[in-house]
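The structure appears right after this line, and notes come after that.
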Amino acid sequence: MQLALVIEQLLNGLQLGVMLFLMAAGLTLIFGVMGLINLAHGSLYMVGAFACAAVAAWTGSFWLGLVASLAAAAAAGAVVELLVVRRLYGRDHLDQVLATFALILVFSEGTRWLFGSFPLYLDIPPLLSGAVSLPGGSQYPLYRLAIIGVGILVAVGLYLLISRTRLGMRIRAGESDREMIAALGVDVATLYTLVFALGAALAGLAGAMVGAIQSVQVGMGEPVLILAFVVIVIGGIGSIRGALVGALLVGVVDTLGRFLLPQLFGLFMAPSQAGLVGGALASMLIYVVMALILAFRPRGLFAGEV
Amino acid sequence: MNKLIAAAVFGLSMGVCGLAFAEPVKIGMITTTSGGGAGLGVDVRDAFQLAVKQSGNKDIEVIVEDDAQKPELAVQLADKMVQSDHVDLMTGIIWSNLAMAVVPAVTAQDIIYLSPNAGPSPLAGAQCNKNYFNVAYQNDNFHEAMGQYDNDNYKKTFILAPNYPAGKDALTGFKRYYKGELAGEVYTQLGQTDYAAEIAQIRASGADSVFFFLPGGMGIAFTKQYVQSGVNTPLTGPAFSFSQDVLPAIGDAALGVKNSASWSPDLDNAENKAFVEAFKAEFKRIPSVYAAQSYDTANLILSALAKASVKDKDAFRAALKAADFKSVRGKFKFNTNQHPIQDIYIREVVKAEDGALTNKIVSTAFTDHGDAYAEQCKM
Amino acid sequence: MRGRETIIGIALMALLLVVPAVASQAGEPFYVTLATRIAILALAATGLNIALGLGGLVSFGHAAFFGVGGYVAGILAAHAMSMEPILLGIPGTKQMLVIWLVALAAGGLLALAIGAISLRTTGVYFIMITLAFAQMVYYFAVSWPAYGGEDGLPILLRNQFPGVNTLKPLPFFLICYVLLAAGLAFFALLRGSRFGAALQASRQNDTRLAAVGIAPYRVRLAAFVISGAITALAGALFADLNRFVSPSMLSWQMSGELIVLIILGGVGRLSGPVVGAIVYVVLEYVLGGITERWQLFLGLVLLVVVLFARGGLIGLVAGRARHG
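Chains as they are written, first to last, in the numbering used here: chain A, 1 to 306; chain B, 1 to 379; chain C, 1 to 324.
In structure tokens, the structure reads:
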């Protein structure tokens with residue numbers, strides 16, 4: 001097995017992980033601050049992708065589409081928070097699961113109503129097309145490197161936002177003691193709307209960036225949503241650092257599992273049989289990892305940290 | 001001479017009587033018109049209704065229900081159509097797993113089912129049924145054609161498909177006609193959206209061509225990522241990933257890809273030209289292969305209705321089996337297992353004059369092609 | 001207020017019995033099928049209600065048990081048809097009674113394995129880890145080729161019950177109805193028992209329970225196993241209703257639907273699952289008949305219920321007594 005291929009697969013894992021981080025960061029922030037499980041987070045991802053595709057088709061510019069995706073997802077998030085989610089903060093998780101489950105149905109059919117039944121077209125911008133050479137001689141798509149770059153920027157930005165700014169201070173305060181910040185005169189309602197919109201915008205950004213290399217269609221958010229939940233549970237719910245570690249772990253394990261397991265079984269099986277068995281195991285692998293981690297650390301790797 | 005005219009007038013009046021007293025016919029259509037796979041179901045529904053409308057036959061009632069791509073819901077709808085709506089015929093299902101859930105139950109109740117798309121191998125072989133007519137293809141057919149093409153043109157093909165029965169059937173069908181070396185054989189996860197790992201393997205494998213079967217969003221994602229990755233090994237695959245419902249979403253990345261199908265918008269016959277024109281005029285888009293198959297299904301039903309009463313099951317089945325209709329695929333007839341014998345073409349994705357992406361036939365892979373399971377069918 | 005709830009429950013169970021009987025007489029067998037679906041889903045949700053309603057264990061993975069029950073019915077029937085032994089010479093069977101026992105055992109065993117690990121966690125972690133286990137089972141079923149994988153497994157003829165023609169809609173409905181009634185009776189007995197009291201106490205206060213010498217973990221695990229077994233039984237019936245079983249019975253949407261049924265009706269209430277199943281199935285049927293966009297309106301209805309009818313639909317009419 002060549003080194004170049006392994007490096008390439010590691011980068012792929014990293015890129016998947018970074019994308020999951022964008023989803024998971026919003027989810028975990030919303031849970032940490034407001035104590036809310038948001039199943040509709042995948043729908044905001046879809047909103048971002050559709051907004052980007054629609055605006056890019058209309059203006060011809062991917063970059064305007066990207067801006068639109070942030071705006072649309074943040075706006076959708078804010079509206080959902082004001083109309084629905086706000087009423088769910090004091091409720092138990094059960095009501096939250098049901099309400100956000102219902103939101104998925106509304107978002108999916110609503111999007112199909114607006115955009116029709118067929119997948120939309122969205123391509124990567126010309127500036128980022130093409131591939132670059134890696135050490136070891138293989139090629140790697142520039143756009144995927146750019147996704148990794150954006151992910152790192154967002155991670156650093158979130159870290160600075162939470163540790164260095166006034167808003168971040170309030171978010172941290174909100175995670176530890178809700179009554180306290182209200183007593184300090186912070187407008188809690190606005191803070192919650194802001195945090196929700198921020199999480200939504202990150203999901204929308206992920207949707208738009210990924211939409212350019214995948215298929216922009218109704219229902220695209222759900223598989224990612226489940227993976228993002230795995231990520232935040234592994235990392236410890238409410239912890240941004242946990243989300244980052246969890247996301248990279250899931251990204252790399254999933255990618256390498258799909259790549260290595262069939263080869264492993266290929267050592268003692270016929271190739272097509274090895275592909276089937278290895279593929280089946282690879283699809284279960286991250287759930288096995290999650291179960292193992294929770295069996296030993298029932299509150300995830302970084303529980304209780306921001 | 002007079003005799004002749006008299007006979008003609010008599011025949012005409014018979015025909016008129018036949019129309020005037022035609023019995024109402026209820027057709028139940030279960031298809032997917034919501035969720036991620038809705039594009040296919042919408043094409044099947046629209047083309048079917050177009051054909052019924054063109055026929056001017058006012059006695060046909062088509063009941064359309066949405067299965068949301070869920071097998072349980074499809075079974076429930078089938079029960080409703082049989083038990084409550086008392087339909088005479090059924091059609092519409094897109095997906096093999098839904099067909100496997102619905103078709104055996106429906107045909108066992110002596111309802112005739114005509115498939116406008118799915119063709120799982122058990123229904124073509126051991127579980128074939130006199131009440132089941134497949135107007136589309138047996139699932140392996142398009143893959144077999146591509147196997148033949150790759151066998152003629154390449155020496156080392158990399159093949160991949162999702163890890164589920166239709167995916168395994170696809171690679172089995174391909175390998176039935178491809179005899180060269182395999183650069184790799186990979187099963188991906190169903191619903192997978194990122195193919196970087198697989199593309200890296202393709203790049204490293206030294207393949208001279210790639211065959212893939214990834215329907216719906218999976219194919220869109222794979223093709224885009226493949227082209228973006230800078231790998232330029234030629235892509236080949238069945239029409240499902242390059243049909244009119246997904247081409248606009250893939251964009252120019254699909255240009256030049258060879259794919260196999262029993263039909264193409266540019267197929268040169270009068271019926272097809274009229275169909276494509278009418279479909280475009282009515283729905284403002286180019287029809288997909290699913291639309292073509294559904295249009296043929298409707299016209300097959302109409303041809304049989306002209307010959308026999310739908311209440312007389314034996315006569316009606318015989319009329320269907322004769323396949324006495326003008327297919328947009330040119331020639332069409334049924335095999336012993338009531339699956340098609342038809343030509344399968346190799347198409348290439350091209351840009352039409354107005355800039356829209358579409359398919360053009362470049363060669364014929366098979367003439368009068370049946371399927372590998374017909375012998376197992378005891379009917 | 002409990003009295004009114006009981007009356008509503010009895011009235012709905014009576015309605016659920018009368019409508020199919022009348023429909024069958026009137027030559028509308030489809031409504032019998034619809035009622036059968038309601039009865040089975042209500043039984044599945046009753047199973048979940050033991051864990052979720054009494055024990056406060058929000059399982060987002062009960063589709064695993066539902067699906068495993070379905071696959072028990074499918075696999076045993078398939079082997080009975082093909083005359084091939086399953087393992088070590090054990091034959092398949094078409095007898096529902098045997099299938100039910102195996103489904104109960106398989107569901108219980110799976111719940112024991114999943115519960116043993118999952119119950120170490122609480123709250124959102126529990127929701128997510130049960131989801132993860134269900135996803136594992138789902139992907140296994142999709143990619144395991146022996147029993148049809150994604151295509152699913154048809155049961156060509158419905159399985160048999162001594163002295164009953166199960167192929168006819170009404171007798172099969174009655175079987176499901178009796179099992180639902182038995183499930184509800186079991187739920188009521190359990191809720192009133194010492195075990196039920198301990199389970200409900202464990203939801204509210206762990207330490208107090210431990211102080212009186214009851215290990216909360218073991219109470220919860222027992223409840224989870226019972227819950228999984230009953231849901232698996234419903235799964236076996238569901239497979240027989242559809243004469244088909246597929247991985248979509250194991251999907252996370254199915255888990256979500258089971259939760260929806262319970263919340264719609266009212267969490268922890270005896271008749272909650274029945275109300276929920278009736279409303280959900282009828283809504284799906286009626287909306288599906290009116291508009292292609294029925295899922296949008298279903299979502300809106302669910303939203304309204306969860307936002308404005310706390311304590312479920314029963315809570316609306318019978319007062320908000322137990323939930324919370």
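Cβ coordinates follow ideal geometry from the N, Cα and C atoms, glycine included.
Since the model is a prediction, treat every value here as computed from it, not as a measurement.
What residue 143(C) touches in chain A, judged by beta-carbon distance under 9 Å, is 276, 277, 279, 280, 281, 283, 284, going in chain order.
A distance below 8 Å separates the beta carbons of residue 296(C) and residue 106(A).
For residue 202(C), the enclosing alpha helix (DSSP H) has its first and last residue at 194-204. Contact annotation: the segment 250-258 of chain C touches the segment 59-77 of chain C, with at least three C-beta pairs closer than 8 Å. Apart from the 5 residues on each side of it in sequence, residue 17(C) sits with its Cβ closer than 8 Å to the Cβ of 177 in its chain, given in chain order.
If you look at residue 11(A), you'll find it isn't in any beta strand (DSSP E); it sits in the alpha helix (DSSP H) that goes 3-34.
Relative to residue 379(B), the option among 125(B), 219(B), 115(B) whose CA is nearest is 125(B). Residue 265(B) sits in coil when the DSSP states are folded into three classes, being neither helix nor strand. Rounded to the nearest angstrom, the gap between the Cα atoms of residue 304(C) and residue 230(A) is 29 Å. For the set 201(B), 326(B), 220(B), the Cα lying nearest the Cα of residue 3(A) is the one of 201(B). A Cβ of chain B is located within less than 8 Å of the beta carbon of residue 292(C). In this structure, the straight-line span from the alpha carbon of residue 217(C) to that of residue 267(C) is close to 22 Å.
Under DSSP, residue 198(B) takes part in no beta bridge, so it has no partner.
Taken in chain order, the members of the segment 215-231 of chain B whose beta-carbon sits within less than 7 Å of a beta-carbon on chain A are 217, 220, 221, 224, 225, 228, 229, 230. Between residue 333(B) and residue 64(A), the alpha-carbon positions lie close to 53 Å from each other. Between the alpha carbons of residue 271(C) and residue 62(C) lies a distance of about 19 Å. In this chain, the alpha helix (DSSP H) harbouring residue 299(B) covers 289-307.
Taking 8 Å as the CB threshold, residue 254(A) stays off the interface with chain C.
A check of alpha carbon separations from residue 308(B) across 316(B), 268(B), 232(B) identifies 316(B) as the nearest. Under the rule that a run must span 3 or more residues, the beta strand (DSSP E) segments found entirely inside the segment 119-203 of chain B read 132-134, 156-162, 181-188.
Counting C-beta atoms within 10 angstroms of its own C-beta, residue 284(B) has fewer than 16 neighbours from the protein chains shown and is therefore classed as exposed. Taking 8 Å as the cut-off, the beta carbon of residue 46(B) is found no closer than this to the beta carbon of residue 288(B). Taking 9 Å as the upper bound on Cβ-Cβ separation, chain C lies near residues 162, 163, 164, 165, 166, 167, 168 of the segment 153-175 of chain B.
Between the segment 32-49 of chain A and the segment 279-290 of chain A, the count of Cβ pairs shorter than 8 Å is below three; the stretches do not touch.
The shortest C-alpha to C-alpha distance from residue 195(A) to any of 77(A), 67(A), 40(A), 186(A) is the one to 77(A).
Beta-bridge analysis with DSSP links residue 161(C) to 164(C).
Leaving aside the five residues that flank residue 60(C) on each side, the residues in its chain whose CB is nearer than 6 Å to its CB run, in chain order, 127, 130, 131, 255. For the segment 125-154 of chain C, the set of residues with a beta-carbon nearer than 8 Å to any beta-carbon of chain B comprises 139, 142, 143, 145, 148, 149, 150, 151, 152, 154, in chain order. The beta-carbon of residue 244(C) is placed less than 8 Å from the nearest beta-carbon of chain B. Nearest in C-alpha terms to residue 294(C), of all of 185(A), 113(A), 27(A), is 113(A). Non-local C-beta neighbours of residue 36(C) in its own chain, meaning closer than 6 Å and more than five positions away in sequence, comprise 173, 176, 241, ordered along the chain.
Residue-level contact check: residue 294(B) does not touch chain C, since none of the beta carbons of chain C fall below 8 Å from its beta carbon.
Residue 191(A) places its beta carbon 8 Å or farther from that of residue 166(A). Nearest C-alpha to residue 279(A) among 192(B), 74(B), 90(B), 274(B): 192(B). Judged by DSSP in its simplified three-state form, residue 347(B) adopts strand. Pairing residue 254(B) with residue 105(B), the inter-Cα distance amounts to about 39 Å.
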